[in-house]
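According to UniProt numbering, the sequence shown is numbered sequentially starting from 1.
The C-beta atom is built at its ideal place from N, Cα and C for all residues, glycine as well.
Note that the coordinates shown come from a computational prediction; the quantities given were computed from them, not determined experimentally.
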Amino acid sequence: MEAQGCVQCTYVDYQGRRCEDSAEREGGLCFWHDPEADKRGDDICERVEAIAKSGRPLSGFQLKNANLRNVHLVNRGSSEGYDLTDADLNHADLRDAHLYNINLQGACLLKVDARYANLNSANLTSANLLGIRLDDAKIEHIKWGNVILQAAESKKLRKREPGRKEGVRRLNEEAEEVCRNIRRQCELHGLQEEAGEFFQKEMRYRRFQLPPYSWQRFVSKTVDLLCGYGERPMRVIAFSAAMVVVCAFLYAVIGVSAGGEIIQVHPEKGWQANWGQLMECLYFSVVTFTTLGYGDIAPVGIGRTIAAIEAFLGTFILALYVVVFVKKMTR
């Protein structure tokens with residue numbers, strides 16, 4: 001409750017809860033929500049723990065440069081962790097901190113030192129993770145979110161100010177750095193699935209830094225669509241199957257030669273006959289794509305060009321699948 005003769009802090013969090021502390025400065029903010037208040041004292045850690053245990057929300061706390069080493073913010077006996085949503089922990093010391101299941105959604109963790117910290121099951125969705133140190137930290141089951149903060153800001157800036165190309169490029173560069181840092185830490189901890197996801201994002205944000213409509217960007221986009229930069233082998237299989245089926249329909253329309261006869265679908269034929277012709281063309285497409293070339297069926301007319309293109313792409317795609325599959329299995 002607001003103390004008599006004092007002005008209540010004006011901070012309101014994302015759930016509409018107003019801070020119950022008294023404002024200490026002209027800005028109408030209390031000590032914890034005032035970004036100008038010095039939080040480097042040795043007692044900050046104990047005071048934050050006491051507030052958390054009292055049940056008061058910690059959302060929006062301004063803890064820039066705070067000494068929170070070995071802080072214990074594990075909400076035991078509850079399925080929900082302590083709420084530090086939108087908190088500013090810029091350059092804070094979180095070494096050896098116990099932060100299991102903590103909610104840091106939207107928090108600023110810029111260049112936070114979180115070495116040896118326990119961040120298992122933490123929610124870091126939309127948090128600023130640029131320069132965070134996670135050496136030897138516990139990072140299993142973390143909710144990273146689908147989009148890196150800098151990437152989301154880059155997209156907004158591109159729509160709002162299309163001419164700010166350098167600003168967009170810089171934000172994508174920061175997003176790439178964030179993904180590379182997390183990917184390396186995931187690899188060190190044996191979290192291969194997460195490492196693969198961040199590698200794919202890392203390569204995408206690198207692509208966004210390339211000039212639009214450049215051939216480098218086109219090649220990078222193609223590789224992403226084909227195999228997710230080596231992290232999505234099922235995409236290679238799906239693309240292969242689609243190509244075989246499409247080519248089979250083309251052969252069925254154009255016609256192929258088998259033993260002097262032309263295999264070709266035609267409206268005048270019954271559906272059973274056309275189905276058999278289509279299966280023959282599908283067989284020929286598979287043989288061509290895999291470059292087996294039995295010779296029992298041969299293309300005719302423009303079908304020769306289609307067969308040559310299919311065989312060339314088939315050789316490349318099959319080799320690509322082997323590379324992607326080996327990469328996934330050996331990681």
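Integer-rounded CB distance, given that N90 should sit under 8 Å from L110: 5 Å
Any 3 or more C-beta pairs closer than 8 Å across the stretch 170-189 and the stretch 148-157: yes
Nearest neighbour of L313, chosen from N128, G301, T288, A97 [CA to CA]: T288
Ranges of the alpha helix (DSSP H) found wholly within the stretch 24-102, counting only runs of at least 4: 44-53
Environment of Y14 [buried if 16+ CB atoms lie within 10 Å]: exposed
Same chain, Cβ closer than 6 Å to T125, neighbours up to 5 away in sequence not counted: Q105, K143, G145
With 16 other Cβ atoms within 10 Å as the buried cut-off, status of S54: exposed
Rounded straight-line distance, which links the Cα of Y321 to that of residue 408: What is shown of the chain runs 1 to 331, which leaves residue 408 out entirely.
Exposed unless 16 or more other CB atoms sit within 10 angstroms - verdict on T305: exposed
Per-residue burial, P299 [other beta carbons within 10 Å of its own, 16 or more giving buried]: buried
Residues near K39 by beta carbon distance below 6 Å, same chain, minus five either side: L63, A66
Residue-level contact to chain D via CB, E280, 8 Å cutoff: The chain labelled as chain D is not found in the depicted structure, where only one protein chain is given.
Nearest neighbour of N70, chosen from F218, Y283, V48 [CA to CA]: V48
Distance between beta carbons of L68 and D93, contact taken as under 8 Å: 6 Å
Residue range of the alpha helix (DSSP H) that includes N241: Checking the sequence shown, residue 241 turns out to be Ala, not Asn. Where A241 is concerned, the enclosing alpha helix (DSSP H) stretches over 233-254.
Nearest-angstrom beta carbon gap, G196 and E140 [assumed within contact, 8 Å]: Rounded, the Cβ-Cβ distance is 16 Å, inconsistent with contact.
Three-state secondary structure assigned by DSSP to V12: strand
8 Å Cβ cutoff met for L225 and V236: no
Own chain residues within Cβ distance below 7 Å of A52, not counting five before or after: L58, L73, Y82
Counted within 10 angstroms of its Cβ, other Cβ atoms place R95 as buried (16 or more) or exposed: buried
Alpha carbon of Y100 to alpha carbon of D135, nearest angstrom: 17 Å
Identified DSSP bridge partners for K165: BP columns for K165 are empty, so no partner.
Cβ contact (3+ pairs, closer than 8 Å) linking the stretch 209-221 and the stretch 278-298: no
A117 versus K165: straight-line alpha-carbon distance, rounded: 37 Å
In DSSP terms, what P299 is bridged to: V256
CA-to-CA distance, C30 to D21, given in whole angstroms: 6 Å
Whether I262 touches G270 by CB criterion (8 Å): no
Of the listed residues I102, F61, R56, R160, nearest to R76 (C-alpha basis): I102
Residue from L84, Q264, T315, E46 with nearest C-alpha to A127: L84
Three-state secondary structure assigned by DSSP to C108: strand
Own chain residues within Cβ distance below 7 Å of A50, not counting five before or after: none
Buried or exposed by the 16-neighbour rule on C-beta atoms within 10 Å, applied to E310: buried
Whole alpha helix (DSSP H) elements within the stretch 112-168, 4-residue minimum: 149-160
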